[in-house]
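Position in the sequence shown (first residue = 1) + 7 = our numbering.
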Amino acid sequence: MVAFTKYNNLGEPFAVYREEPLVPRIDDRFLDCSIYLYPKEERAGRGESAGGSGFLAAIPGFGPGWMLGGKCPQEDFYHSYAVSNAHVAEKHPVVRLNRDDSSTANGHFTIFPFTRDDWTFSDEYDIAVAPIDYKEGHRYLFIPEERFLTPEIAARHDVGIGDEVFMIGRFINHEGRQRNNPSVRWGHVAMMPVEVPDDVDQPKKIEKDFVVETHSIAGYSGSPVIVRPLPAHKLLSHVSDYLYVPVVEANTNVLLSGSTPGSPVHPVAARFGGPWLLGIERAFIHYKTEQSIKANTGMSAVVPAWHILDLLNTDKLKMQRRAEQERLLKSIEREGTTLTE
């Protein structure tokens, strides 16, 4: 309960009490970072098969791949990726994205018919990534590299047990046939990265993951888990303060921070910290009942975000980004246009 001061008709103050919600509302656009994965293109078209979830990430374009002294000619150019679990992408490599409401004449979604070979898999962790083109008319929200939690950020801002998290993914009981219809689940960090098996029947299948209490079920594998490590009254939940929204009129993977191209992370986010991508949900953790029936503990294993960064910055993907940047610059030189145009 929070006390507020009001005044009677004589101008005298008196106190009233109101219940203030502990969990501030998040911006609806957080849902636009979620993607659905399917085994086949035709099943994606029909919205069939439980499949799994994923999300969109962005890596800035810079470095020796830019042939102009190593400097990107446009500071807000990003490379876009689909991210999911390796165990999801292996059997469900096809990605489905929602189209913007203004584009429903062309269908409510777009299918990217990826195959397993289009994904890059981690050798150590249950994660996979695939480059994905930015196209107009889609509901895109990319989680940029600087919003990924790292051990250094976690130590500096004291991210840890009890901090609030929310997860955006696929609720298979109502996943949406005509459109992806992601849902949000809430919880808290229960354990910092520890070795914990998610399946009692596969005790050797162990990763060093966060353990979060989010009451996950099948279908949420691959979902992004966002951590908000501050008291509720200090949080700003407006997504444009922290994440990047694509420029609709651009023909490249140009992204924005807030409302100004190339602007830095919002100063409030820099001062208070968060929210950050804690990691990617790998699985809910099982236990066995006395009747030897596997049951959900209510806990989930979350692969730390810094392992996703390691995968995105492997030599293979850096070479892919360099090739894309060189192709883009050659196209610009040939057409005599600027990158923005």
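All residues carry an ideal CB built from backbone N, CA and C; glycine is no exception.
Computed from a prediction, not measured in an experiment: that's the story for all the values here.
Check, Outcome
"Please confirm whether G286 and V201 have their CB atoms less than 8 Å apart.", "no"
"By DSSP, does S338 sit in helix, in strand, or in coil?", "helix"
"Output the boundary residues of the alpha helix (DSSP H) element that contains V95.", "93-98"
"Could you please give the first and the last residue of the uninterrupted beta strand (DSSP E) stretch that includes P20?", "20-25"
"Am I right that I139 and V102 are in contact with their C-beta atoms under 8 Å? What's the rounded C-beta distance?", "7 Å"
"Please determine, among K215, E331, L104, R123, the residue with the shortest C-alpha to C-alpha distance to F116.", "L104"
"Terminal residues of the continuous beta strand (DSSP E) containing R235?", "231-235"
"Report yes if the CB atom of V90 is closer than 8 Å to the CB atom of F62, and no otherwise.", "yes"
"Kindly give me the distance between the Cβ atoms of Y45 and S56, rounded to whole angstroms, as I take these residues to be in contact under 8 Å.", "6 Å"
"Within its chain, find whatever has a CB closer than 7 Å to the CB of Q327; leave out the 5 residues flanking it on each side and keep chain order.", "P138"
"Please state whether DSSP places I287 in a helix, a strand or coil.", "strand"
"Between K142, D124, F37, which has its C-alpha nearest N188's C-alpha?", "F37"
"Inspect the beta-carbon positions of E220 and G305 and report whether they are closer than 8 Å.", "yes"
"When the Cα atoms are used, what is the spatial distance from H164 to L284?", "14 Å"
"Taking just the CA atoms, how far does P158 sit from E348?", "Bear in mind that a pLDDT of 48 at E348, under 50, signals an unreliable position, so the number given afterwards is only what the model happens to contain. Cα to Cα, E348 sits roughly 39 Å from P158."
"Considering Cα atoms alone, identify which of K215, V203, A197 is closest to H222.", "A197"
"Which residues in the same chain as F121 place their Cβ atom closer than 7 Å to its Cβ, once the five residues preceding and following it in sequence are excluded?", "P100, V101, V102, A137"
"Taking W313 as the reference, which of F155, P67, Y14 has the closest Cα?", "F155"
"Have a look at F119 and D35 and give me their C-alpha separation to the nearest angstrom.", "24 Å"
"Taking the CB atoms as reference points, tell me whether A330 and V203 lie closer together than 8 Å.", "no"
"Can you name, in chain order, every residue of its own chain whose Cβ lies under 6 Å from the Cβ of A51, other than the five neighbours on each side?", "Y45, V101, R103, I118"
"Under a three-way DSSP split, which group does G68 fall into?", "coil"
"Indicate the three-state DSSP secondary structure (helix, strand or coil) for L156 in the structure shown.", "coil"
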